[in-house]
Structures are given as structure tokens and as C-alpha cells.
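Under the numbering used here, the first residue of the sequence shown is numbered 22, with each subsequent residue one higher. Note that beta-carbon positions come from the ideal geometry of N, C-alpha and C, so glycine has one too. All values reported here derive from a predicted model rather than from experimental measurement. As C-alpha cells, the structure follows; a few thoughts come after it.
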Amino acid sequence: MKKKRDSGIELLRIFAMLMVIGVHIFVYGGYFDSACEQGGIVWSSAHFMRLFFRPAVNIFVIITGYFMVHSSFDLKKSYRRVLSLYATIFFYSVVLGIIVLANRNVFETEYTVPIIVGKMLLPLFSQEWYFLTDYILLCLFAPFMNIALQRITKYEYQILLILTSVVMSLWLCLSNLEPFWDVLRDNGHDGLFTGKNVFSFMYIYMIGGYIGLYGKKRKIPQFLYLFGAFFCVIINYFIWTRFDEFLTYEDVAMSYANPLVVLTAVFALSFFKDLHFYSRVVNVIASTTIGIYAIHELEYMRDLIWSKFDFSKMDCSDLTVNLIRIVSIMMFVFFAGAIIELARQLLFIGIGKLIPARKQKTPIT
Numbered sequence: 022m023k024k025k026r027d028s029g030i031e032l033l034r035i036f037a038m039l040m041v042i043g044v045h046i047f048v049y050g051g052y053f054d055s056a057c058e059q060g061g062i063v064w065s066s067a068h069f070m071r072l073f074f075r076p077a078v079n080i081f082v083i084i085t086g087y088f089m090v091h092s093s094f095d096l097k098k099s100y101r102r103v104l105s106l107y108a109t110i111f112f113y114s115v116v117l118g119i120i121v122l123a124n125r126n127v128f129e130t131e132y133t134v135p136i137i138v139g140k141m142l143l144p145l146f147s148q149e150w151y152f153l154t155d156y157i158l159l160c161l162f163a164p165f166m167n168i169a170l171q172r173i174t175k176y177e178y179q180i181l182l183i184l185t186s187v188v189m190s191l192w193l194c195l196s197n198l199e200p201f202w203d204v205l206r207d208n209g210h211d212g213l214f215t216g217k218n219v220f221s222f223m224y225i226y227m228i229g230g231y232i233g234l235y236g237k238k239r240k241i242p243q244f245l246y247l248f249g250a251f252f253c254v255i256i257n258y259f260i261w262t263r264f265d266e267f268l269t270y271e272d273v274a275m276s277y278a279n280p281l282v283v284l285t286a287v288f289a290l291s292f293f294k295d296l297h298f299y300s301r302v303v304n305v306i307a308s309t310t311i312g313i314y315a316i317h318e319l320e321y322m323r324d325l326i327w328s329k330f331d332f333s334k335m336d337c338s339d340l341t342v343n344l345i346r347i348v349s350i351m352m353f354v355f356f357a358g359a360i361i362e363l364a365r366q367l368l369f370i371g372i373g374k375l376i377p378a379r380k381q382k383t384p385i386t
């Protein structure tokens, strides 16, 4: 009998996807720039919300580490999952690419037809979605990482996390603050600083793995984990809004490698992993998150969506109205994508049932 997955972390996965959409509203939808022009509480809330949404990517990766670290070394099983994920990505790349080619008057793009086709057929290598490319690469290396992570002692794992945290987080962020520019250097590691790369994903994966192996429920109030997450966001906000001129902190505030952004993901996972309940609805919705990301973050779709929800063309002076718009757009993009992804899942299930049936009917010669 297949074990039912706890819905606590699946609920976190849903929240993380909503946070991703929130990030895109602020960046691609132009809300952050429009809100900053207003000043006052609209300005302050925009800075806070942008930081609140920021840990979303780290949350997805840390969840992966939390679950996958327990996996035994079985390349066939592990890579079957990777192929399943790639099939989803390839499906959306091809289907959405064909839609773009058939409606080039609707989707404004500077790419020629051969380039669109090439990107469409090679979504992993063309990095149609940077996150999905790095995530698949992470999953390819994960079985080998797990061998080491499962065999080292708890103390050795802690030393490993300290070393990687210094190199992949603390050093990178300090070297990008103006007071330390001439003392600490990260020459050649600009890509690591953003956190948008497979090596940063491996670092976050290891943190999730440690929580999966050793993060037993502690006898402390559960709300303290939520408090810790919000406290990290508040500290990040305070540094950015009070000391940015002195520190040149904005890029660090937005970096996935920022220790405060990493800790927010740690606290979030620590809270939701102990919410033990089962909800089929939650689990089904959570299963659509990768599809939602693929649909709304493909470059052509992204440009179309945010041209329709462009805050630079709206009056952003009223915070209440702004919040209603943001939540409404988040829900619309999320559930529209979820419905499409559920349809894709049903299609793949149907195809999967037909293939064995055809094999059985094939005569042996």
C-alpha cells in the first residue's frame, strides 16, 4: 500500500508557489517600482513584501533535500523521477512553443522561428526556466550526494554545513557589501552570489537533508519557528531600508544566498514539517506547482501575462487596493495554472494506461 504523504509540507509547497508568483508581480508586473514612487506606507510595505516572498526558491529546494536525503542509491528509480519531471517540462515547452509560433502577433518576441523551435526542443540546455534546469541537475547529482550525507556522522554533517555556509552564503554576501569590497573578494563567483545555480541548490539541499535526518520535533512552541521566519524577514528589511546607502545592501537583500533568506526557509520547513495532517485536496493542488511555474514563467507567457497585469499603468497610491490586486492576481495565475497542469496530468495518466495495453496486444513473433 502506497504511503500517504503528510500534507503539512505540501501546504508549504503551495505557499512557496504563491510566493514565487508574488516575486514575479513585484518584478515583472512592475509593482515594486510603482509602489516605491508613492512613498510612505506603500513604499515600506512594498519593500517588506518583496523580502517576504524572496525565500520561495530556497523553500522548494530545501523541501527536496528534506525528502530525498532518505532515498537509497537506486539510479533507475531516481532517474525515472527526473525523466518524469523532464517530460513535464518538455511538454510545456513544446505545446506553449507551438502556441507562440501560431500566434506571433499576440506574443511579442524578438526571436526568429528557428530560435524559438530550438529553445522549444531543448528546454533544459536553453534554460527556458533557469530554476527547472538547475533543479533537474540537482536531482541528477542527488543520489551521489545522498551516499555521503547518509554515511557521515551528525557532527561531520554539522561541520560540512558550517563550511558550506561560510563559503556559499556568508562570504559571498559580505564581499558584496561596500565596506568590505576592498577586503573580501568573490572574483569569478558572481553567479554563486545570486543563488541561481546548481551549486547553491546543492547547498540548500544539504540543509534540507540535515533537517530530514536529524531534525526531530523539539519540545518548543511551534509558533517560534514562524516567529523566527518573520524575524529574519524583518531584520533583512531593517538593514535594507535603514543602511542601504552605507552598505549598498539591495543586491544582498535579494540574494538567495543571503543568510537571512536561507534561515527563513529553514524556519518555514521546521514549522510545516510538524503539521501532521492529511488532505487529498492539498496534496493534489501541491502536485501542480511545477506545472504552474512552467506555464507562467516561460518567457513568452511571462511577457503576455505581465503586460495584462502591469502595475505601471495602475494607480498604486492606495495600499488596500494594491493588496487586493496582488492577492487576486496571485490566485488567478495559481489556479489557472493548476487547472491546466491537472489536465496535463490526466492526459499523461491516460497515455500511460494505453501504452501497456498496446504492449499486451502486440503479438510475439
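Check	Outcome
Is the Cβ-Cβ distance between TYR403 and LEU290 less than 8 Å?	Since the first and last residues shown for the chain are 22 and 386, residue 403 lies out of range.
With H, G and I counted as helix, E and B as strand and the rest as coil, what does DSSP make of LYS175?	helix
Rounded to the nearest angstrom, how far is the Cβ of TYR314 from that of MET40, given a contact under 8 Å?	Not really, about 11 Å apart at Cβ, beyond 8 Å.
Could you tell me how far apart the beta carbons of LEU33 and PHE293 are, in whole angstroms, since I believe they sit closer than 8 Å?	4 Å
Under the three-state reduction of DSSP, which class applies to ASP272: helix, strand or coil?	helix
I'd like to know if the segment 333-351 and the segment 59-73 are in contact, where contact means that at least 3 CB-CB pairs between them fall below 8 Å.	yes
Against chain C, does LEU181 count as a neighbour if the rule is that its beta carbon must be under 8 Å from one of theirs?	Chain labels in this structure do not include chain C; a single protein chain is all it has.
Give the DSSP-derived three-state secondary structure of ARG125 in the structure shown.	coil
When you compare only the Cα positions, how much space is there between LYS382 and ILE376?	Residue placement at LYS382 is flagged as unreliable, the pLDDT there being 47, under the threshold of 50; a coordinate-derived value is accordingly withheld.
Among GLY216, GLU320, PHE152, whose alpha-carbon lies nearest the alpha-carbon of TRP192?	GLY216
In angstroms, rounded to a whole number, what distance separates the CA positions of ARG101 and GLU149?	22 Å
Please report the distance separating the alpha-carbon of VAL354 from that of LYS240.	39 Å
If you draw a straight line from the alpha carbon of LEU296 to that of LEU205, how long is it in whole angstroms?	42 Å
Return the CA-CA distance between THR285 and PHE53, expressed in angstroms with no decimal places.	21 Å
Where do the N-terminal and C-terminal ends of the alpha helix (DSSP H) with ARG34 fall, by residue?	28-48
In angstroms with no decimal places, state the Cα-to-Cα distance between PHE369 and TYR178.	40 Å
Measuring straight from C-alpha to C-alpha, what distance separates ILE306 and LYS25?	15 Å
What first and last residue would you give for the alpha helix (DSSP H) that runs through HIS68?	61-74
Would you mind working out which of VAL82, PHE36, GLY50 sits nearest ASP331, comparing C-alpha positions?	GLY50
If we count the other Cβ atoms within 10 Å of its Cβ and call it buried at 16 or more, is GLU58 buried or exposed?	exposed
Please state whether the Cβ-Cβ distance between THR309 and ALA359 is less than 8 Å.	yes
What number of angstroms, rounded off, separates the C-alpha of ALA67 from the C-alpha of ALA56?	6 Å
Within 10 angstroms of the Cβ of GLY233, are there 16 or more other Cβ atoms? Answer buried if so, exposed if not.	buried
Can you give me the start and stop residues for the alpha helix (DSSP H) that ASN304 sits inside?	301-307
Whose C-alpha, out of PHE94, ILE225, HIS317, is nearest the C-alpha of TYR277?	ILE225
What's the gap between the Cα of ARG45 and the Cα of THR262?	What sits at residue 45 in the sequence shown is His, not Arg. Computed Cα separation, rounded: 21 Å.
In or out: ALA364 buried (at least 16 other Cβ within 10 Å) or exposed?	exposed
Nearest by alpha-carbon distance to GLY212: which of TYR151, ARG172, PHE165 is it?	TYR151
Among the residues of its own chain, which have a CB less than 7 Å from the CB of ASN79, if the five just before and after it don't count?	ILE225, TYR277, VAL282, VAL283, ALA286
Return yes when the Cβ of LEU170 is within less than 8 Å of the Cβ of GLY236, no when it is not.	no
Could you tell me whether the Cβ atoms of MET89 and GLY118 are closer together than 8 Å?	no
Return the CA-CA distance between ASP324 and ILE42, expressed in angstroms with no decimal places.	14 Å
Scan the segment 215-300 and note each continuous alpha helix (DSSP H) run of 4 residues or more that stays entirely inside, going in chain order.	219-235, 244-268, 271-275, 280-293
My output table needs one value for LEU148: the three-state DSSP class, helix, strand or coil.	A small fix is needed here, since residue 148 is Gln in this sequence, not Leu. Residue state, collapsed to three classes: coil.
On the CB-based measure, 16 or more other CB atoms within 10 Å of its CB, does ILE136 come out buried or exposed?	exposed
Would you mind sorting TYR113 into buried or exposed? The rule is 16 or more other CB atoms within 10 Å of its CB.	buried
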